[in-house]
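Each residue of the sequence shown is one higher than the last, beginning at 94 in this note's numbering. Idealized CB from N, CA, C, for every residue including glycine. For clarity, every value in this text was computed on a predicted model and none was experimentally measured.
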Amino acid sequence: MPEKRIRVLIAKPGLDGHDRGAKIIARALRDAGMEVIYTGLRQTPEMIASAAVQEDVDVIGLSILSGAHNTLVPQLLDLLKQKGMTDVTVLLGGTIPEADIAGLKKAGVAEIFLPGTSTQNIVDFVRERAAQK
């Protein structure tokens, strides 16, 4: 039986229109053999949670540059809980102030990748998390 491919949803929540970083991460994960679903720009937490359920993903990667992470991320985490997706790994990338990182991790974000993180570090983290399940 072939090994199950890691399924990753990459999403751009909020009104931020800059998706180059999200596309680079999506391509790196795909090149590493993962199945990647990219939702596109301006996604609501509801849209992301619904897509995560429909696609039965292992990982959700959020890219937020707008500063709305302290609002959007807790909303998404609550929706995932309501939908029974408690075992999905949620990752966050973007311009996240150092002061907000501990609170986001406490809320349930598995890891936060700041600008300049190598794509290989992200691929390795996703693989390690998937192996733990």
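Practice task
Starting from the Cα of D180, find the closest Cα among A224, A119 and V129 and give me that residue.
Solution key: Locating residue 180 in the sequence shown gives position 87, counting from the first residue. Nearest C-alpha to D180: A224.
Handout entry: For K199 and D124, the rounded distance between their alpha carbons
Key = Here residue 124 corresponds to residue number 31 of the sequence shown, with the count starting at 1. Here residue 199 corresponds to residue number 106 of the sequence shown, with the count starting at 1. If I take the Cα positions, the gap works out to 31 angstroms.
Exercise for the section: Please determine if the region 96–109 and the region 191–205 are in contact, where contact requires at least 3 C-beta pairs separated by less than 8 angstroms. Expected result: no
Exercise for the section: Would you mind working out which of A203, L158, L170 and K116 sits nearest F218, comparing C-alpha positions? Expected result: Your numbering for residue 218 matches position 125 in the sequence shown. Among A203, L158, L170 and K116, the Cα nearest to that of F218 is on A203.
Handout entry: V202, DSSP secondary structure in three states
Key = Here residue 202 refers to the residue found at position 109 of the sequence shown. Coil.
Practice task
From the DSSP output, read off the bridge partner residues of Q136.
Solution key: Position 43 of the sequence shown holds residue 136. Answer by DSSP bridge pairing, in chain order: P106.
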